[in-house]
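The structure under discussion appears below in the form of structure tokens.
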Amino acid sequence: MYADTKCPGKRDRSRRYKGTRPSSSGGAAEFSPWRKPWVNCRAPHPSPLPAGERGDPAWAGWVRALFPRLAPWATVSRPSGPSERNRGPQNRRSSLLRKRRSTRCAMKFWRWRTRRQQRESDLERELRGHLELEAEEQQDAGVSAEEAAYAARRALGNTTQIKEDVRTAWGFQWLETLLQDLRYGLRQLRRNPGFTAVAVLTLALGIGANTAIFSLIDAVMLRTLPVTKPDELMQVQYHDPRWSGQGGNFTNSLWEQVRDQQDVFSGVFAWSQTRFDLAGGGAVHMVNGIWVSGGFFNSLGLHPAAGRLITASDDRRGCPAVAVLGYGFWQDHYGGSSNAIGSTLSLYGHPADVIGVAPPGFFGMDVGEKFDVAVPICAVAIFDRDRGMKSRLDQRSWWWLKIAGRIKPGISQNQISARLAVLSPQIFAAAVPQDWSPNMQKGFTKMGLLAAPAATGTSALRRNFEQPLGILMAVVGLILLIACANIASLLLARAAARHKEIAVRRALGATPRRLVRQLLTECFLLSTAGALLGILFARWCSNLLVRYISTAQNAVFLDLSLDGHVLGFTAATAVLTALLFGVLPAFRSTRLSLTTAMKGGKAVEKEGPVRFRTRKWIVASQVALSLLLLVAAGLLLRSFVKLATLNIGFDRNNVLLASANLSVAKVPTDQQPGMYEAIERRLRALPGVTSVGRSAFTPISGFEWNNVISTEWSKGLTGDNAVADLNSVSPGFFETLRMQLVAGRNFNDGDKKGGPAVAIINQTLARRFFPHLNPLGKTFRGDQISGQPGPPIEVVGVVRDSKYGSLREETPPTVFFPITQERENAGQFEIRTAVPPSALVRSVEAAVAEVNGEVPLEFNTLAQMVNDSIVPERTLALLSGFFGALAVLLAMVGLYGTFSYLVAQRQAEFGIRMALGAQPNSILRLVMGDVIAVLLVGLAGGVALSLGSTHLLHQMLFGVGTRDVMTMAAAAGVLSLAALAACYIPARRAAKVDPMVALRYE
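Numbered per my numbering, the sequence shown spans residues 2 to 1003.
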């Protein structure tokens, strides 16, 4: 004990200490050791403090006594007295000074903390001084020097434990212990490279798959827009009391009324996605565009990367077209050059001056899309005029704009919706379409406005992929569970091989808690390595998925950069994974008897059955989860196959689609019908072309036109039941698509404008609007905008039903009008070819150029269009199939590893059996019997899980029930064959055991 901190009740032996060292007060203090002072007494504070103002932990006194230089930091400050909130200026200044002093003390403590070697030397010297003094006392009592040294050590106790206690008092011992565990864990993993590689790769697949799918979920549904304070953005929507649901598209008249009358947004703006052709004619060069209002960029708080952005002064009626380039487009097409500012773009042949570049990372308001060129809304009148149509700025029945705004400070979402509801009657009353019928106008004025959060933007991709992504997230979660079960089995086998090491550490004083912590540290190292490798796999996989869900007509753009959401999810997954596969093996490893463990293999084997049962249950759970994934994958694959091979009513193969827009080529409206016919004749004469048709819309294109129709026999039909899809087609349309006429005739040259109105209907319309009647020669009427029935239209033919809008939907009632009797000039050409459609693209371009070289053309194939319509189903089916196969592979690895270990552990037993006369086949049957038992338990659990969870796939299935027996039987059969094949190898190894070799090691 130091002279100024003697322990009461202990005899002063400071006279026997030969040297001195500095005390906490700066003077010399003699050293006076005592027997276990850190247990038997507590030293007082170097400088007493007022009662209640400071308190000490239990170790503070003897730390100050043993190491006086630590005295200033061995006292813990605690607040006392009443709460310090609402303190006055003097107290706040005192608090600031205390914080500064605490910061300085922390820095000093850290510097002291880093002088590890000096502190260890001090500790060794102090302990040596205690031993020397105790040995001198023993020698004074007549004990020999050797016995005195032994007696001193016995009196002092376990010096290693004392050192650990003192190091704990130094603080940050948990960090030192953690570093020790990490170093030891790394050595263990390096010592077993095979196990480490298998575990890390398995975890990388599991964690990487989860991270990849979560990255897509984050990009599509969770990530906020890269704008200033995105949480303040609200989208304006409308609701119609005549039907459930909400809408987000508005007419320009409604947008102008919202902009002028609202008083809840500090900035309000509108936008609409579009596409622009940058080519001057011929093959098009389409880029993604966006119409924006003057307040679009300003309300979002964006600043230009170059030049300036569109403002309110650019968005006025009669404005010229100006353009703001997307940052990526600027880099790709202009190399990031400032010379782009002031240059001119050709948008559908119209010049547009480039005034600026959007900031990097900003893609627009619609997630999944990005804009290359932004143009003010007012410029839409220029492009509509070229198409010979009324400007969308003045059309009150063209719903094409989305509206959003930034809320004013202090206003909540409920207040915004309430205020918009109050403003709704006057807003809708001022924007009523004048050419609508009174009933339609009345319904229009009853619509109301509301607000929805827009921090994450809007997205059609979100609606289409929300459920598939959720299903995939559940699938990869099951994959991770299977991977955890796999690694847990490996760890149990590895723990059995390390039983002597663990027993020795227990015998040397390590507590079970300390051993569990060490084993879990190894698990965390494995999961961390798997997570790091999994991030690389996830980056590759997520980018591949984005390319896979993109189509030729709609490329998907998603920001897949690593953000806090993705990194946090990956870290949490790694931690949870380590706990899932590490806790059970860690606790099992420490539950052993030291006496039996030290005896060797025979003693340990007596404890084996518990562990063997544990491993078998783990493998059975792998089988159950694998069967669940296989059943889900089988259902989704069968559903996709039924969709892909569905009889859609027309032949999709060898049909080239060419879209020609004569309005963009500035062909006068009255000349367009003749030019379309001239192009059709040219195309029909091309080598390799068997037939040509023309239409306003192509089936499964996503575009449709419908109207309410009526007949004398359908007066009871109302609502959607009275609506039919409409299309304008040429006589060659049905021949080209091979749509069979089941009654009546095709269109002919006599069906001209001014003659009797005729139409061809499909079978569904005939059954619904002409029940139990022959529709040929009968008439129907279509409602006009005014609400009055139009002129009668005679049915001249009936065509076989075919899919029109979606493969999943029932065939809708459909009416086909002759192009020659319609005002619209359809420019969609369907070309059936005798060669691959792509081989005729150049010939089609040349043929159209012979008629007019300024006509822009877009190409696709009918087969590709149909395939693009089922991208979500295809993606879900293929990914679930891949993950199902991966689950089977992991289950095979788990079964093989577990039964290989069991066979190795029972080698002596098999040797004895064979020595007593057992045949190899009986040993083989014995092992395979265990395999079959585990397999049956797993299959039973998998069937139960499948029956209880496959109903969640109901909305994604087509033509297949959620409890399809054939799918479940096939999945169980595939998994059983794989499991038996995986376990046959260790079973054969057991049957070939040499009894002499097995008994020699016993």
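Beta carbons: idealized from backbone N, C-alpha and C, even for Gly. On a predicted model such as this, the values are computed, not experimentally measured, just so you know.
Length of the line joining the Cα atoms of residue i and residue j
| i | j | result |
| --- | --- | --- |
| W490 | Q956 | The amino acid at residue 490 is misidentified as Trp; the sequence shows Ser. The alpha-carbon atoms of S490 and Q956 are separated by roughly 37 Å. |
| A200 | T963 | 35 Å |
| A494 | R192 | 16 Å |
| S562 | A306 | 20 Å |
| W331 | G357 | 10 Å |
| R746 | V800 | 9 Å |
| G158 | D182 | 26 Å |
| A905 | Y185 | 28 Å |
| I163 | E133 | 16 Å |
| M997 | Y902 | 20 Å |
| P793 | A353 | 47 Å |
| W63 | V167 | Annotation note: pLDDT 43 at W63 (below 50); position unreliable, no value reported. |
| V796 | T780 | 6 Å |
| L128 | T160 | 8 Å |
Close beta carbons around residue i, own chain, < 6 Å, minus the five adjacent residues each side
| i | result |
| --- | --- |
| V816 | A725, L727, A760, I762 |
| G694 | S731, G733, F734, T737, E831 |
| Q139 | A149, A152 |
| T197 | L190 |
| S300 | G268, F270, R407 |
| V709 | A723, V724, D784 |
| K447 | P242 |
| E135 | A153, A156 |
| P1008 | Limits of the chain in this structure are 2 at one end and 1003 at the other, which puts residue 1008 out of reach. |
| A511 | none |
Integer Cβ distance of residue i from residue j, believed to fall under 8 Å
| i | j | result |
| --- | --- | --- |
| L841 | L628 | Their Cβ separation, rounded to whole angstroms, is 49 Å, which puts L841 and L628 out of contact at 8 Å. |
| P814 | L766 | 4 Å |
| P454 | M235 | 6 Å |
| V237 | L421 | 7 Å |
| R989 | L925 | 7 Å |
| V517 | A625 | Rounded, the Cβ-Cβ distance is 28 Å, inconsistent with contact. |
| T699 | L658 | 6 Å |
| P513 | T615 | At roughly 18 Å, the Cβ-Cβ gap does not stay under 8 Å, so P513 and T615 are not in contact. |
| I701 | K804 | 6 Å |
Own chain residues within Cβ distance below 7 Å of residue i, not counting five before or after
| i | result |
| --- | --- |
| M893 | A979, A980, A983 |
| V144 | A152 |
| R16 | With a pLDDT of 35 at R16, under the threshold of 50, the modelled position of that residue is not reliable, and no figure is offered here. |
| G458 | L226, M366, D367, V368 |
| K388 | Position check: residue 388 holds Arg in this sequence, whereas Lys was assumed. Closer than 7 Å at the Cβ level, and outside the excluded window around R388, lie S664. |
| L462 | V221, V368, G369, V557 |
| D316 | S294, G295, P377, I378, C379 |
| A973 | L628, L940 |
Beta-carbon gap between residue i and residue j smaller than 8 Å
| i | j | result |
| --- | --- | --- |
| A530 | T571 | no |
| N211 | V433 | no |
| L521 | A579 | yes |
| L858 | A679 | no |
| S392 | A382 | yes |
| G308 | I342 | yes |
| D232 | A456 | yes |
| V994 | F911 | yes |
| Q396 | T252 | yes |
| L585 | I208 | no |
| T951 | L636 | yes |
| G583 | L492 | yes |
| M474 | I218 | yes |
| K617 | V935 | yes |
Residues near residue i in its chain [Cβ-Cβ closer than 8 Å; skip 5 each side]
| i | result |
| --- | --- |
| I291 | W272, S273, Q274, T275, G365, F372, V374, A375, V376 |
| V889 | S627, L631, V975, L976, A979 |
| N648 | none |
Any contact between the stretch 868–878 and the stretch 615–629? By contact I mean 3 or more CB pairs, one from each, below 8 Å.
Using a C-beta cut-off of 8 Å, the stretch 868–878 makes no contact with the stretch 615–629, since fewer than three inter-stretch Cβ pairs fall below that distance.
So does the stretch 880–899 actually touch the stretch 642–655, counting three or more Cβ pairs closer than 8 Å?
Fewer than three beta-carbon pairs drawn from the stretch 880–899 and the stretch 642–655 are found closer than 8 Å, and the two stretches are therefore not classed as touching.
Tell me, please, whether the stretch 256–271 touches the stretch 425–441 by the rule of three or more beta-carbon pairs shorter than 8 Å.
Taking a contact to require three or more Cβ pairs closer than 8 Å, the stretch 256–271 and the stretch 425–441 qualify as touching.
Do the stretch 237–251 and the stretch 332–351 meet, that is, are 3 or more Cβ pairs less than 8 Å apart?
They do not touch, by the three-pair rule.
Three or more beta-carbon pairs under 8 Å between the stretch 940–955 and the stretch 615–627, yes or no?
In short, these stretches touch, since the Cβ pair count reaches three.
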